[in-house]
Amino acid sequence: MEKDILTIICGVAMGTVARYWMMRRDFRQYPSYPHATVTHLALGFVAATLGAVAIPAIAAKEYTAVTFLALAATQFRDVRNMEREMLSALEQSKLVSRGPDFIEGIARTFEARNYLVVFVSLTTSLFAFIFSPLAGILAGVFAMLLVRRFMRGYLVRDVAKVRPAKVHFNGPNLFVEDIHIMNIALPEIKKIYEERGRGVIIEPLNDNGREILANVGQRQAIAHDTAMLLGVHRDVDTAEFTPLVRRKLDTGRVGLVIVPIEPDIECIVEAVKNVPVLESAFVKPLQAKVGRSAAD
0 MEKDILTIIC GVAMGTVARY WMMRRDFRQY PSYPHATVTH LALGFVAATL GAVAIPAIAA
60 KEYTAVTFLA LAATQFRDVR NMEREMLSAL EQSKLVSRGP DFIEGIARTF EARNYLVVFV
120 SLTTSLFAFI FSPLAGILAG VFAMLLVRRF MRGYLVRDVA KVRPAKVHFN GPNLFVEDIH
180 IMNIALPEIK KIYEERGRGV IIEPLNDNGR EILANVGQRQ AIAHDTAMLL GVHRDVDTAE
240 FTPLVRRKLD TGRVGLVIVP IEPDIECIVE AVKNVPVLES AFVKPLQAKV GRSAAD
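The structure is reproduced here in C-alpha cells:
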C-alpha cells in the first residue's frame, strides 16, 4: 500500500509540474490571469491523477479503473471547446483579430497538453512502481524534456524569407513593392500611410512555404501578432488602418502593410519571422510525387 501511495504521489506531482512548465506566458499573455492559470493547473492535476493511478490499478488487477482514462478524453475535449468559445467571444474586442484558424490552434494545443500531462505522470508512476520513487522522478524529467521537443513547432522564418519592402501609391492604389494591397481614395489616409506605413515582403523558401502562406488563417495570424507586438495606428472606427497581408498570385510572395505605433522596421521583420505556423496551414506538397515533379 505504501508503495502504491508513493507511486501515485510521484506521478501526480510530476504531472502537475509538467502542466505548469508547459504554461507559457509570452507577449500573448494567455493564460496569465490568476483565474485562467488556476483553471488549467486544476485540469492538469486531474490529468496527472488519472495517469498516476493507472499503473497501481493495473498491478492490483483492477482493470476497470483504467477506463477512467477514456473519461479523461471526454473531459479534455470539453477543455478544447471551452477555449474555442472563450477566445471566439473575445474576438469582438480586438483591434486586429486572431482569426478562427489561430483560435482553433490554441484550443487544440490546450487539449493536447492535458494528454501530455497524462503521458508524463504515467511514465513517472511506471518507473516509480517498478524501480523507486527517485527513478520515477528521473523518468518524469526525461518525459518532460521529450514533451518539450514534441511541443516545438515551425515559425514563419522556417518556411519563408522576410525582408523590409517599400510602401508606395500608384494613384489611389496602395502597394508593397509590386503587391497590390487596397484602394485608398481619401488624401488624409494616404498621407498617413506615406509617412508612417511600413511594409514587409515574405518570400516562401519552397512550394511548401508557398502553400502555407496561401492560407488565409496563417496570414491573419501574421497581421495579429505583428500588431500585438508593434502596436497599430487604428481604433474601432478606423478600419482603413487594419494591417493587411496580401498575396502575389503569380509568385506566391506575400506582402504585409501596417501603420505601427513603433515604426522600427527591423522589429517588424523580426516579429513576422517569429509568428508560429498554424497546424491548419501546415502542408507539404513537396512530399507528394506530383508536387515534386511540378516544382522541378
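Mapping of the sequence shown onto numbering that gives the first Met the number 0: position 23 corresponds to residue 22, and the numbering continues sequentially without gaps. In this text, a Cβ means the ideal position worked out from N, Cα and C, and glycines have one as well. Everything numeric in this text was worked out from a predicted model, so none of it was measured.
* Would you kindly report the start and end of the unbroken alpha helix (DSSP H) that includes Arg245? => That residue, Arg245, is in no alpha helix (DSSP H); its beta strand (DSSP E) goes Leu243 to Arg246.
* Asked: In this structure, does DSSP put Asn207 in helix, strand or coil?
  -> helix
* To do: Pick helix, strand or coil for Leu86, following the three-state DSSP scheme.
  => Secondary structure at Leu86: helix, using DSSP grouped into helix, strand and coil.
* Shortest alpha-carbon distance to Val253 belongs to which of Ile4, Glu103, Val155 and Ile57? -> Selection Ile4, Glu103, Val155 and Ile57 evaluated against Val253 yields Val155 as nearest (Cα-Cα).
* Own chain partners of Tyr192 with C-beta closer than 8 Å, once the 5 adjacent residues on each side are dropped -> Val166, Phe168, Leu173, Ile183, Val256 and Val258
* To do: With DSSP as the reference, please indicate the residues paired to Ala159 in a beta bridge.
  => Pro203
* Asked: What does DSSP give as the partner residues of Arg197 in its beta bridges?
  -> Ile257
* Asked: In the structure shown, what three-state DSSP assignment does Val175 receive?
  -> Val175 falls in the strand class under three-state DSSP.
* Asked: Mapping DSSP to helix, strand and coil, what is His232?
  -> DSSP places His232 in coil when its eight states are reduced to three.
* Would you list the residues sitting across from Pro275 in a DSSP beta bridge? => Leu154
* In terms of alpha-carbon separation, which member of His232, Arg233 and Glu202 lies closest to Arg218? -> Glu202
* Exposure of Asp263, with buried meaning 16 or more beta-carbon neighbours within 10 Å -> The Cβ neighbour count for Asp263, taken over all protein chains shown within 10 Å, is under 16; the residue is labelled exposed.
* Inspect the beta-carbon positions of Ser124 and Gly216 and report whether they are closer than 8 Å. => In this structure, Ser124 sits away from Gly216, with a CB-CB distance that is not shorter than 8 Å.
* Nearest-angstrom Cα separation, counted from Ile7 out to His53 -> In the sequence on display, residue 53 carries Ala and not His. Cα to Cα, the separation comes out at about 9 Å.
* Asked: Of the choices Ala270, Asp236 and Phe149, whose alpha-carbon is the least far from that of Met296?
  -> Nothing can be reported for residue 296, as the shown portion of the chain is limited to 0 through 295.
* Asked: Ends of the alpha helix (DSSP H) at Val117?
  -> That run of the alpha helix (DSSP H) goes Pro99 to Ile129.
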